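Taking it in order: structure first as structure tokens, then the write-up.
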Amino acid sequence: MLTEEKILTLWDEIDIYAQLIQRAKSTAYVLREMPTATDHLKLDVFKGKICQDIFLKSNMMQGMGVEYVPHWDYYTPTVETKALNREYKDGTFDAIRFRRQCRREFQREIDQQQNQLRTVGIFGDWKKGKTLDSRDEAKIINAFSTLQDLGYLNKDQKLGAWCPKCNTILDADEIKNQPAPAYSGYVKFPVSIGLEEFGEDVYLLARVQDLWCLAGSVAIGVQESSEYWIVELDGEILLLTEDDLLGCFPPDQQADINRLQTCPVDVLTDCFCAHPFLGKDLQVVVIPDISEQDDAPDEETTPQPLTGVRPLTPGHRPDDYQIAQILQLPITSVIDDAGRLTEDSEQFCGLEVSDAGKFIAFELEKRGYLISAESEEAHQPHCSRCDMPVLFRSIQQWIFSLDSNQLRERVLCSDEHLVSYAPKDRDWIQKTIQELSAPPVSRHRGWGTPIPIFQCQRCGRELSDTRIIKAIRTLVSRRGADSWFKLNVEDLLPPNTLCPNCDGKEFRKEFTTLDGRFAVLLNTINNFGTKGNAVNPVNVYFRYSNQFHKWFAQCVLTSIAISDVEPLNVELAGDRSNIQSVGVDQSWMEDYPKDVLRLFYIQPNLDPSSVETHLQQCHQEYSAIQELCAMILNHLEDFTPDPEEPRLELMTMPDTQELFTTASVLQSVDSAYQQRDYYQAWCLLRDFCQSDLQQFVDNWFNTSETVLEKRSCQTMLLGILYVLVQRFAPIIPFFSEQTYASIRMWVDSDLPAEDTQSEDESELSSIFLKHWISPADFPCFGDADML
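With the working numbering applied, the sequence shown closes on residue 788, and no number is skipped along the way.
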């Protein structure tokens, strides 16, 4: 019996996908997909890959060409992290060496993931798409230049999540929330202007979540909905909320507090406070309600409440950033790329934020402004790549402005765009486009496609005209993107290049690279065309990830921005999965047959909490099919087919009835395949085998008395088994190949039973290369070509 390993070897030896493509002669479909992250496989991705493969196999077995080149996320962030960990522990850095190491890491991850996907029987052009060649990189640069020339790319200063260890901006899905220590405390802010009637020692009391943030505070925030008390304690006047009063002072000290009166918020807004350790005043402002803001941050990443008295640090806290934009407060960043405090922090300059809190607490205590401080666990954003806490800081970044040239409005309102999509798909595409925020175009990374822009050293003017872009594009096409990092500015620019603003002759290169996802998006759009003799193939996308809608909407907008044409001739299949957060356990690959895993991935409404239960159920169903087929093969052991008999009209009534029942089932199964309901196709086949076919084998075959009746039954069973194996093949290909190998001596007209080929030669055949028997052709006895 063929093992899974032998079947995989067989497919490699005969180059099964290439043979199927060659047999089809033209491409009916092209499978498109979101770029697949190379560092790990999630269940939703694996589910989508299996559904794509079933689509490919079911169509190519019927003679329709399906082109599939796996699409990878070429700039997965973990590649950089692994390259840094392997090569640069000594602190030295060489851009070219680093990029080469990233390329090796990427190839290593690609090979591992390809092996996982091929092991479960997925067909495709695995030799292509493993790298971006220099021509692809040149096309990406050209697409970037086109967007820039058309006015879609702008530089934007905004608050972004920054990982000091990875030294890069992070997207929302690269951030995870988990507990981490934070040095917090209750701090007194001396009132410098206002509340003079209470004397000189008047303070606003605030709870500060991270004491290091005080270095970037620009104002003191209060809220209209809070009640503020003026109290006296140990000769000092404190202004604070009821919650802070109870939280700051222990019960035995509460009796010593003299509550003087409440204080209206409008009185507080006339006040200024002295910064507790920097030489500046902080205005007291009313915090506006930001709960309805579309970009309001997740409360887990901002544990400091919006009530009470609080210092506002808009350069490092997302909620404070929104407040500062509304109130037009200054946005000051006091940390550098490495996560250290800058000169704006005065005596704390150079301290890492993880250490700064305790030093600031010591200084506050020395000045008499600290009531209490402690290190406590709080939910904070962390980098999913390196598990280090994330810092928020103001960053300049290229973005793709979706509203430039009224792009979003044109797409949503025009009768020309999106008309080719089904109404239900058009609805979610339009809704997603409405909700899209401007995607980032640049990233602070060394592994990526360079941004072909120069800045004048004298005036800072950006230099990126058509002549320069053409020169860079030609260079990258011939020598690869590494040439940008390898060559000096003088070698990259055309001779006698001058700044159009100040006639300067000295320039510097843009230090950021294209955001990896945006670069891959441009590459996707550049490769919408198909190869060979394909004539208007249908582009099929399987939706399986929650990120798909956003990615596809970006594809649509970017394609229209570049060429005024959206992806055409598109069909969208499948539904978004609820299992995106569950990883693929390698033990499943070892503990279960690969066909069982394929069955598992097409199950609807998978419950992530009961994966093992689903797998065991699939295994039981699979084993039942195996046992039934083994029983049928046992009944066929002494069978020698005769092309002259028995004819359909000579078969017994139970046999003919079973044949026509089978034909009806085939029609339903083929309809399920056509509707891309692969779980329904499996259920139809499973139920037919477990009921009709099992009952026939149990009740009729064993009661056959004459030789003619037995041969009639054997002929019928052979025909049914063959067409069932064909229908099973897209879903459970290993079982189908194993079963086909057992019956091919009877069903292959070009390989009769007395054939004298060697065992090795006779094994080089596959069920996927056989003629597909349609329901109209079945039963087909007496026509050897059908088998």
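Don't be surprised by glycine CBs; every beta carbon is placed ideally from N, CA and C.
All of these numbers come straight from a predicted model, not from anything done at the bench.
Query	Result
Find the nearest neighbour of Gln224 within the set Arg341, Gly161, Ile324 and Leu32, judged by alpha-carbon distance.	Ile324
If I measure Cβ to Cβ from Ile790 and keep anything under 6 Å in the same chain, skipping five residues before and after, which residues do I get?	There is simply no residue 790 to check, as the chain begins at 2 and stops at 788 in what is shown.
If we call anything under 8 Å between Cβ atoms a contact, is Ile221 one with Leu283?	yes
Roughly how many angstroms lie between the CA atoms of Glu6 and Gln696, to the nearest whole one?	34 Å
Do Gln108 and Arg87 come within 8 Å of each other at the CB atom, strictly closer than that value?	no
When DSSP builds the beta bridges, which residues end up paired with Glu375?	Ser185
Quick check on the DSSP output: the alpha helix (DSSP H) that includes Ser484 runs from which residue to which?	Asp483 to Lys487
Please report the straight-line C-alpha distance between Val687 and Glu622, rounded to a whole angstrom.	A quick correction: the sequence has Arg, not Val, at residue 687. In a straight line, the C-alpha of Arg687 is about 8 Å away from that of Glu622.
With DSSP collapsed to three states, give me the class of Trp399.	strand
So which of Leu600, Cys714 and Val420 has the shortest CA-CA distance to Ala730?	Leu600
Looking only at DSSP bridge pairs, what is Thr169 linked to?	Cys164
So, Arg341 versus Thr169, is the Cβ gap smaller than 8 Å?	no
Mind pulling the beta strand (DSSP E) runs of 3 or more residues that sit fully within the stretch 494-580?	508-510, 539-543 and 571-574
Rounded to the nearest angstrom, how far is the Cβ of Leu573 from that of Arg544, given a contact under 8 Å?	6 Å
Can you tell me whether DSSP reads Phe455 as helix, strand or coil?	strand
Are the stretch 469-486 and the stretch 420-440 in contact at 8 Å, needing three or more beta carbon pairs?	no
Where DSSP assigns a beta bridge to Gln348, which residues make up the other side?	Answer is none; Gln348 lacks a bridge partner.
To the nearest angstrom, how far is it from the Cα of Leu218 to the Cα of Val46?	One point to set straight first is that residue 218 is Ser, not Leu, in the sequence displayed. Near 44 Å, if we compare the C-alpha coordinates of Val46 and Ser218.
Mark Leu85 as exposed unless 16 or more other C-beta atoms lie within 10 angstroms of its C-beta, in which case mark it buried.	buried
Nearest by alpha-carbon distance to Asp95: which of Gly447, Ala362 and Tyr30 is it?	Gly447
What do you reckon, are the CB atoms on Tyr30 and Val70 nearer than 8 Å?	no
Within this structure, are the beta carbons of Arg509 and Gln555 separated by less than 8 Å?	no
In its own chain, which residues sit with a C-beta less than 6 Å from the C-beta of Ser385, not counting the 5 before and 5 after it?	Glu175 and Lys177
Quick one: is the Cβ of Glu243 within less than 7 Å of any heavy atom of the ligand GDP?	Among the components of this structure there are no ligands whatsoever, and the ligand GDP is therefore not found.
Leaving out five residues before and five after Asn537 in sequence, what residues of the same chain have Cβ atoms less than 7 Å from its Cβ?	Asn570
Give me the Cα-Cα distance between Glu378 and Asp404, rounded to the nearest whole angstrom.	42 Å
Can you grab the Cα-Cα spacing for the pair Arg427 / Met65, in whole Å?	27 Å
DSSP three-state label for Asp282, please.	strand
Based on Cα-Cα distance, which residue from Asn528, Val698 and Leu598 lies nearest to Leu718?	Val698
Can you list the alpha helix (DSSP H) stretches of 4 or more residues lying completely in the stretch 31-69, in chain order?	44-61
Taking the alpha-carbon of Thr37 as reference, which of Ala673, Gly517 and Ile768 has the nearest alpha-carbon?	Gly517
Taking 8 Å as the cut-off, does the stretch 186-195 touch the stretch 208-216 (at least 3 CB pairs, one atom from each stretch)?	yes
Quick one: is Lys140 buried, meaning 16 or more other Cβ sit within 10 Å of its Cβ, or exposed?	buried
Does the beta-carbon distance from Leu494 to Ile361 come in below 8 Å?	no
Would DSSP call Trp747 helix, strand or coil?	helix
Would you kindly report the start and end of the unbroken alpha helix (DSSP H) that includes Trp230?	Trp230 -> not in any alpha helix (DSSP H); beta strand (DSSP E) instead, spanning Tyr229 to Leu234.
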